[in-house]
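*Asks:*
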Amino acid sequence: MVDVGLLIEQIISFIGVYLIVTLALNIKAGYTGIPDFGHAMFFAVGGIVVGNFVAHIAAYIAEKQGIPGVTLEGVLEDNAGTLAALNEQFFPNAPLISIALLVFSVVVAVVLGGLLGWLASLPALRLRGEYLAILLLAVSEALRIAATYTTQVMGDTPTVGLTVPNLFAWVGSPELASLAATIFTVLMALTAYILVERLYNSPAGRLFRAVRDEEDAAKALGKDVVIVRRDSMIIGSSLAALAGVVYAINPYLGGGSVAAISIYNRVFWTFWPWALMILGGMSSNRGVALAVGIVGIALVWPIRLYRSQVTEFLRVEQLGLDPDAFANALEFVFIGLLIILVLALRPSGVIPEPPSRTIEPSRRV
Amino acid sequence: MVEAQSLFQALYYASVISLLSVGITLSYMTTRVFNFAHVRFAMVASYVAATALLACIKAAGITGDYEFREFIGGTLARTPMPFWTYAVVMIVAFIVGGLVAIAQFYLVLKPLQKRGATGLTLMISTLGFDFILVALLFLYMTMPFTRGLAGDVRSLIGRVDFASLKLDFLDVVIRTGTFTVRGVVVLGLVFTVVSIIGLYLLLTKTKLGVMMRSSIENPNLALVLGINVDRVFAITWFIAGAIAGLAGYMFLFGAVYLKPLTPTTPSDEIIVSVFAGAIVGGINSVPGSIGGGFLIGLVEKLFVPGILSPLVGVGIIKYDKVFSMLAVALTLLFLPQGLASLPQTKTFQRFVAKIRRRGGE
Amino acid sequence: MAGGEPILVLEKITSGYGKFQILFDIDLVVPKGQVTVVVGPNGAGKTTLLNTIFGLATIHKGSVKYKGQDITGVPPYARAKMGMAYTLQLFNIFSTLTVRENLLLATYDLPEEEARKRMEEVFQLFPVLKERQSQRAGTLSGGEREMLAISISMLRKPELMLLDEPTAGLAPKLAKEVFEAIRQLGDQGYTIVLAEQNAKGALEIGDNAVLIAGGRVVARGRAQELLERKDLAKMYLGLEV
Chain A
189 MVDVGLLIEQ IISFIGVYLI VTLALNIKAG YTGIPDFGHA MFFAVGGIVV GNFVAHIAAY
249 IAEKQGIPGV TLEGVLEDNA GTLAALNEQF FPNAPLISIA LLVFSVVVAV VLGGLLGWLA
309 SLPALRLRGE YLAILLLAVS EALRIAATYT TQVMGDTPTV GLTVPNLFAW VGSPELASLA
369 ATIFTVLMAL TAYILVERLY NSPAGRLFRA VRDEEDAAKA LGKDVVIVRR DSMIIGSSLA
429 ALAGVVYAIN PYLGGGSVAA ISIYNRVFWT FWPWALMILG GMSSNRGVAL AVGIVGIALV
489 WPIRLYRSQV TEFLRVEQLG LDPDAFANAL EFVFIGLLII LVLALRPSGV IPEPPSRTIE
549 PSRRV
Chain B
59 MVEAQSLFQA LYYASVISLL SVGITLSYMT TRVFNFAHVR FAMVASYVAA TALLACIKAA
119 GITGDYEFRE FIGGTLARTP MPFWTYAVVM IVAFIVGGLV AIAQFYLVLK PLQKRGATGL
179 TLMISTLGFD FILVALLFLY MTMPFTRGLA GDVRSLIGRV DFASLKLDFL DVVIRTGTFT
239 VRGVVVLGLV FTVVSIIGLY LLLTKTKLGV MMRSSIENPN LALVLGINVD RVFAITWFIA
299 GAIAGLAGYM FLFGAVYLKP LTPTTPSDEI IVSVFAGAIV GGINSVPGSI GGGFLIGLVE
359 KLFVPGILSP LVGVGIIKYD KVFSMLAVAL TLLFLPQGLA SLPQTKTFQR FVAKIRRRGG
419 E
Chain C
722 MAGGEPILVL EKITSGYGKF QILFDIDLVV PKGQVTVVVG PNGAGKTTLL NTIFGLATIH
782 KGSVKYKGQD ITGVPPYARA KMGMAYTLQL FNIFSTLTVR ENLLLATYDL PEEEARKRME
842 EVFQLFPVLK ERQSQRAGTL SGGEREMLAI SISMLRKPEL MLLDEPTAGL APKLAKEVFE
902 AIRQLGDQGY TIVLAEQNAK GALEIGDNAV LIAGGRVVAR GRAQELLERK DLAKMYLGLE
962 V
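So the sequence lines, in the order shown, correspond to chains A, B and C.
Counting in my numbering, the first sequence tops out at residue 553, every number present.
Counting in my numbering, the second sequence tops out at residue 419, every number present.
Counting in my numbering, the third sequence tops out at residue 962, every number present.
(1) Residues bridged to C:I913 by DSSP?
(2) Ignoring anything shorter than 4 residues, give me the alpha helix (DSSP H) runs that lie fully in the segment 134-201 of chain B, in order along the chain.
(3) Answer with buried or exposed for B:Y164, where buried requires no fewer than 16 other C-beta atoms within 10 angstroms of its C-beta.
(4) Shorter than 8 Å from the beta carbon of A:N516 to some beta carbon of chain B?
(5) Please check the pair A:D224 and A:A217, which I expect to be a contact at CB under 8 Å, by giving their CB distance rounded to whole angstroms.
(6) List, in order along the chain, the chain A residues whose C-beta lies closer than 8 Å to that of B:M87?
(7) Between B:F333, B:F196, B:V106, B:P169, which lies nearest to B:V158 when the distance is taken from Cα to Cα?
(8) Please name the residue or residues paired with C:M805 in a DSSP beta bridge.
(9) Report back the beta-carbon spacing between A:L264 and A:T339 to the nearest angstrom; my notes put them in contact at under 8 Å.
(10) Are the segment 742-755 of chain C and the segment 909-923 of chain C touching by the rule of at least three beta carbon pairs closer than 8 Å?
(11) Using 8 Å for Cβ pairs, my map puts C:S665 next to C:T773. What's the rounded Cβ distance?
(12) Whole angstroms are fine: how far does the CA of C:T757 sit from the CA of C:A723?
(13) For B:L283, which of C:S736, C:T793, C:D830, C:V785 has the nearest alpha-carbon?
(14) Using the beta-carbon count (16 or more within 10 Å), is B:G209 buried or exposed?
(15) What are the boundary residues of the alpha helix (DSSP H) that A:N389 is part of?
(16) Quick test of your reading: A:F202 and A:V488, contact by CB under 8 Å. State the CB separation rounded to the nearest angstrom.
(17) Counting along the chain, where does the alpha helix (DSSP H) carrying A:A429 start and finish?
(18) For A:N281, is the classification buried or exposed, using 16 other Cβ atoms within 10 angstroms of its Cβ as the cut-off for buried?
(19) At a CB-CB cut-off below 9 Å, which residues of chain A make contact with B:S183?
(20) Are the C-beta atoms of C:E822 and some chain B residue less than 8 Å apart?
(21) Would the beta-carbon of A:A247 fall within 8 Å of that of A:L274?
(22) With a threshold of 16 other CB atoms inside 10 Å of the CB of A:A288, please say whether the residue is buried or exposed.
(23) Ordered along the chain, which non-local residues of its own chain (more than five positions away) have a Cβ less than 7 Å from that of A:F396?
(24) Just verifying my parser: in three-state terms, what is the DSSP assignment at C:Q856?
(25) List the residues of chain B that A:P535 touches, going by C-beta distances under 8 Å, in chain order.
(26) Sorted by chain position, which residues of the same chain lie with C-beta nearer than 7 Å to C:V931's C-beta, five sequence neighbours on each side aside?
(27) Which of the residues in the segment 448-468 of chain A, read from start to end, lie with their CB under 9 Å from any CB of chain B?
(28) Which residue's Cα is closest to the Cα of B:V372: A:N516, A:Y337, A:A517?
(29) Tell me C:L689's beta-bridge partners as DSSP assigns them.
(30) Does the beta carbon of B:V287 sit closer than 8 Å to a beta carbon anywhere in chain D?
(31) Please state the DSSP three-state secondary structure of B:A70.
(32) Pick helix, strand or coil for A:A273, following the three-state DSSP scheme.
(33) Whole angstroms is fine: what's the gap from B:L393's alpha carbon to B:S399's?
(34) Let me see if you follow: with CB-CB separation under 8 Å, is A:Y388 close to chain B or not?
(35) Residues of the segment 209-238 of chain A in Cβ contact with chain B at a cutoff of 8 Å, in chain order, please.
(36) Pull up the distance between the alpha-carbon of A:V327 and that of A:V455, whole angstroms please.
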């Protein structure tokens with residue numbers, strides 16, 4: 189029997205995180221025309237902040253409080269054991285610290301993501317188009333590999349990853365904690381949407397698009413294209429890092445409660461956001477939201493359902509097909525066909541970029 | 059001192075990267091698209107070739123253990139396979155790789171190009187095609203007929219490990235030492251050299267090659283002279299895919315060196331190195347990309363573990379791909395046409411002139 | 722040679738590139754064995770007209786007939802095989818290929834015997850090309866490049882030749898020679914469509930002419946008549962009258 193409540197929470201969480209991460213990409217690629225194929229690296233920043241920084245701070249406090257089985261060194265040396273102890277004995281009784289750490293992780297991720305975005309904007313001075321895309325992809329891969337195998341970042345068992353501190357344990361039962369994480373995801377997604385939408389009609393957003401459409405004209409008007417690109421990279425990347433935090437602390441998403449760096453890979457956090465953005469319509473936030481929503485429901489729903497009921501219904505096993513492989517295939521063929529069909533039939537997405545509104549956002553009803 | 063075994067592994071790996079890099083370059087030169095699906099051609103070829111291998115074994119009436127074993131467990135008892143099975147399987151891999159490439163060219167790229175898609179759009183469409191290929195591989199390995207054929211080869215999630223599969227007829231035993239050079243290492247080098255020579259002859263000595271080069275340089279003028287540029291490009295894609303198919307053939311025999319074959323490995327890991335090879339060598343140069351691929355392969359599997367790790371510690375080995383990625387970044391930033399264009403750069407020419415002058419004195 | 726019967730007919734052509742429209746409602750008849758001149762101001766659509774004839778542009782409406790056959794949807798490479806040739810204004814040789822490879826490409830669909838014969842003819846005409854046949858075409862001088870470009874077209878012995886601004890960038894004296902050469906080809910019976918910015922020079926040697934501006938036909942007639950129409954000359958062609 190499918191737990192419908194759980195299913196809905198899962199779908200909402202998926203949509204929430206992908207909405208933030210895709211909107212973040214939309215600022216860079218959609219608004220400003222920077223082909224960022226290294227998006228995943230900014231997202232991973234959020235995961236590292238939660239899995240590493242927050243865990244260290246919590247362990248430090250817990251060790252001071254004398255909670256058994258927790259040491260500062262243990263965070264990296266015996267990550268699973270230490271975090272289990274923290275999640276069972278420390279976080280449930282530390283609501284204020286949990287909330288403070290939550291705020292801390294959001295702020296630090298946004299700052300670090302922005303910093304990395306600024307660094308990544310430097311090569312955009314020299315390169316354009318596919319070359320820039322490949323360069324950012326290469327940098328992102330290099331950082332991912334470097335982070336994975338650096339014990340100070342990912343501990344001694346990089347393939348397993350870091351167990352995530354449960355910052356909602358104080359709410360109550362595991363179900364309630366998960367619900368709280370989902371609500372947090374939704375709040376963050378809504379905030380991101382409102383901010384990104386406001387950015388679209390703000391002078392900065394118009395400048396981004398001016399640089400995208402008519403670089404020379406923007407230059408001629410005395411706008412420093414380099415600074416505009418840099419700002420766009422900083423804003424988009426810090427938002428992506430925020431998405432990384434949201435993803436890491438949401439128990440429905442992070443593969444249980446583990447933020448393994450292998451999960452923060454280019455397929456899910458660079459290529460998928462690109463696909464979703466193109467599907468929705470580049471530079472169109474409403475389109476992106478619609479696309480993320482459709483894909484979230486269409487993807488998570490059947491595959492989640494699949495393993496319990498649809499397997500029997502489709503008689504997949506009797507046909508000689510492996511249910512796991514079939515589910516994987518379904519997911520890949522779905523997104524692959526979607527990309528190609530959208531590019532062929534609706535290259536500007538389900539909801540194309542809206543015309544610019546010139547009225548001040550504050551005066552709009 | 060570099061151990062013989064790691065040298066062989068490096069040579070094997072470098073050959074694979076090299077064979078795949080040249081395809082990235084060929085497809086970029088013709089359609090101006092970085093093809094993210096390219097390495098998956100090798101995977102598809104590999105899977106179909108594995109099926110063909112099993113069919114051959116049935117046809118040859120060999121019983122017992124076929125040199126395969128299940129992913130978990132299994133025995134190593136072996137029955138040698140006749141030579142022709144290897145040849146048949148190689149041809150299958152070659153053709154399948156080429157056909158998948160042609161399918162992408164005609165089903166995805168041409169229609170999109172006709173609708174006026176730009177480079178970035180096309181690049182993203184190759185991601186879409188790659189996803190579809192992954193899906194097909196997931197389905198393929200669970201199809202009833204592969205299962206029937208491979209009966210004892212499939213494991214629960216369909217992963218096939220060819221770790222014990224050898225190319226007996228090519229395995230070289232060096233008596234002075236105590237080691238054997240595995241046939242697949244020899245084969246890899248042969249494939250690479252044959253590809254270089256073959257492509258060189260094709261491009262310079264044949265009508266088709268001249269047509270390819272002309273269509274790449276100036277498609278409009280080629281059209282005006284009566285050349286069916288689309289078809290010439292499709293043939294180029296076939297060649298790129300077919301060479302990837304050869305790399306896929308090598309996957310079958312190289313599980314000791316690479317990861318076991320699944321729909322996502324080893325391709326997801328090596329694709330970044332393949333791109334590195336193509337870009338470092340020169341994205342517009344066929345010999346450059348073969349050399350670049352080989353270079354990247356050797357850096358990752360020979361330079362880092364063999365030379366760098368004794369100097370700075372074993373920890374560095376895990377970072378091998380970081381070096382490739384840095385090489386890509388530096389190439390794109392400072393020598394966008396890759397190492398192949400190095401002889402044309404001013405610094406290099408000044409350097410040569412200096413040496414010549416010194417030689418003259 | 723007696724000309725007159727049309728070899729190429731354009732009917733109500735609206736064309737451009739992709740969704741972009743450049744030419745509107747163009748009608749054009751090219752009589753066999755004559756030099757038809759297309760003149761007009763910069764950006765009028767002269768090159769697009771030639772591209773439309775050869776199938777390199779997107780046709781939105783209308784039809785192209787060649788030797789009585791509708792070829793509107795025929796791809797460019799097939800048109801080349803039907804006896805049409807097109808000398809592009811820019812990039813009209815393959816600079817990364819050797820001179821010999823350039824020439825081979827133009828004859829690759831002929832029987833080997835015939836190809837060799839025509840190649841010899843070219844070498845007789847331009848001995849310098851024979852000397853340089855194994856050299857990359859990109860290393861040729863400007864004049865040698867033009868020779869090569871002309872040779873490529875000649876090798877195909879076309880029934881219909883499209884020339885796009887052959888005098889662009891040439892000194893007046895050289896341009897005059899080129900026009901005379903085109904006139905001679907016309908006299909030998911070649912059918913030529915010549916798109917030219919240099920309206921005066923082109924109209925002087927042409928048989929028929931069309932004047933296009935803004936993607937539409939503004940005037941047509943005998944080349945000589947157009948040359949004498951002072952209103953047009955002043956308005957569209959920038960000629961001092």
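Just so it is clear, CB atoms sit at the ideal spot from N, CA and C, and this is done for glycine as well.
Keep in mind the model is a prediction, meaning the values are calculated, not measured.
*Replies:* Judging by the given coordinates:
(1) In the third sequence, the residue the question calls residue 913 of chain C occupies position 192. According to DSSP, C:I913 bridges with C:V756, C:M882.
(2) DSSP runs (the alpha helix (DSSP H)) wholly in the segment 134-201 of chain B: 141-162, 168-172, 177-198.
(3) For the purposes of this step, residue 164 of chain B is taken as residue 106 along the second sequence, with counting starting at 1. Burial is judged here by how many other beta carbons sit within 10 angstroms of a residue's own beta carbon; B:Y164 has fewer than 16 and is exposed.
(4) As a position in the first sequence, residue 516 of chain A is number 328, starting the count at 1. The beta-carbon of A:N516 is placed less than 8 Å from the nearest beta-carbon of chain B.
(5) For the purposes of this step, residue 224 of chain A is taken as the residue at position 36 of the first sequence. For the purposes of this step, residue 217 of chain A is taken as the residue at position 29 of the first sequence. Between A:A217 and A:D224 the Cβ distance is about 6 Å, and since that is below 8 Å, they are a contact.
(6) Locating residue 87 of chain B in the second sequence gives position 29, where the first residue counts as 1. Contact of B:M87 with chain A by beta-carbon distance below 8 Å is absent, the smallest such distance being about 13 Å.
(7) Numbered from its first residue, the second sequence carries residue 158 of chain B at position 100. Cα-wise, what sits closest to B:V158 is B:V106.
(8) Taking the first residue of the third sequence as position 1, residue 805 of chain C is located at position 84. Answer is C:L881, bridged to C:M805.
(9) Locating residue 264 of chain A in the first sequence gives position 76, counting from the first residue. Locating residue 339 of chain A in the first sequence gives position 151, counting from the first residue. Yes, A:L264 and A:T339 are in contact; Cβ-Cβ is about 6 Å, under 8 Å.
(10) Yes, they touch.
(11) What the structure shows of chain C is the stretch from 722 to 962, and residue 665 of chain C is not part of that stretch, so it cannot be assessed.
(12) Start at 1 with the first residue of the third sequence, and residue 723 of chain C comes out as number 2. Start at 1 with the first residue of the third sequence, and residue 757 of chain C comes out as number 36. Low confidence applies to C:A723: its pLDDT is 43, below 50, so where it sits in the model is not reliable enough to give any reading.
(13) For this step, residue 283 of chain B is matched to residue 225 along the second sequence. Closest in C-alpha terms to B:L283, from the list C:S736, C:T793, C:D830, C:V785, comes C:D830.
(14) Here the question's residue 209 of chain B lines up with position 151 in the second sequence. Residue placement at B:G209 is flagged as unreliable, the pLDDT there being 38, under the threshold of 50; the coordinate-derived value follows with that caveat. Burial call: exposed.
(15) If you number the first sequence from 1, residue 389 of chain A lands on position 201. Segment 362-389, the alpha helix (DSSP H) holding A:N389.
(16) To locate residue 202 of chain A, count along the first sequence from 1; it is residue 14. To locate residue 488 of chain A, count along the first sequence from 1; it is residue 300. Their Cβ separation, rounded to whole angstroms, is 5 Å, which keeps A:F202 and A:V488 in contact under 8 Å.
(17) Here residue 429 of chain A corresponds to residue number 241 of the first sequence, with the count starting at 1. Start and end: 413-437.
(18) For this step, residue 281 of chain A is matched to residue 93 along the first sequence. Counting Cβ neighbours within 10 Å, A:N281 comes out exposed, since fewer than 16 surround it.
(19) Taking the first residue of the second sequence as position 1, residue 183 of chain B is located at position 125. Neighbours of B:S183 on chain A, chain order: I527, I528, L531, A532.
(20) For the purposes of this step, residue 822 of chain C is taken as the residue at position 101 of the third sequence. It does: the Cβ of C:E822 has a partner Cβ on chain B nearer than 8 Å.
(21) Counted from its first residue, the first sequence places residue 247 of chain A at position 59. Counted from its first residue, the first sequence places residue 274 of chain A at position 86. Taking 8 Å as the Cβ cut-off, A:A247 and A:L274 qualify as a contacting pair.
(22) Position 100 of the first sequence, counting from 1, holds the residue named residue 288 of chain A. A:A288 comes out exposed.
(23) In the first sequence, the residue the question calls residue 396 of chain A occupies position 208. The answer, listed in chain order, is Y219, T220, V416, S420.
(24) One-based indexing of the third sequence puts residue 856 of chain C at position 135. Looking at C:Q856 - three-state DSSP - the assignment turns out to be coil, as it is neither helix nor strand.
(25) Here residue 535 of chain A refers to the residue found at position 347 of the first sequence. Within 8 Å of the CB of A:P535, the CB atoms of chain B belong to R173, A175, T179, in sequence order along the chain.
(26) Translated into the one-based positions of the third sequence, residue 931 of chain C becomes position 210. L749, V759, V938, R941, listed in sequence order.
(27) Residues N453, R454, V455, F459, W462, A463, I466.
(28) Along the second sequence, one-based indexing puts residue 372 of chain B at 314. Minimum Cα distance to B:V372 is reached at A:Y337.
(29) Any question about residue 689 of chain C goes unanswered here, given that chain C covers just 722 to 962.
(30) Although the question refers to chain D, the structure presented lacks it and instead comprises the protein chains A, B and C.
(31) As a first step, residue 70 of chain B is located in the second sequence; it is residue number 12 there, counting from the start. It should be noted that the sequence gives Tyr, not Ala, for residue 70 of chain B. Reduced to three states, the DSSP call for B:Y70 is helix.
(32) Looking up residue 273 of chain A in the first sequence gives position 85. Residue state, collapsed to three classes: helix.
(33) The sequence position of residue 393 of chain B within the second sequence is 335, counting from 1. The sequence position of residue 399 of chain B within the second sequence is 341, counting from 1. Answer to the nearest angstrom: the Cα atoms are 8 Å apart.
(34) Within the first sequence, residue 388 of chain A is the residue found at index 200, counting from 1. A:Y388 does not count as touching chain B.
(35) Under the 8 Å Cβ criterion, the segment 209-238 of chain A contributes P223.
(36) The residue you call residue 327 of chain A lines up with position 139 of the first sequence. The residue you call residue 455 of chain A lines up with position 267 of the first sequence. So the two alpha carbons sit approximately 15 Å from each other.
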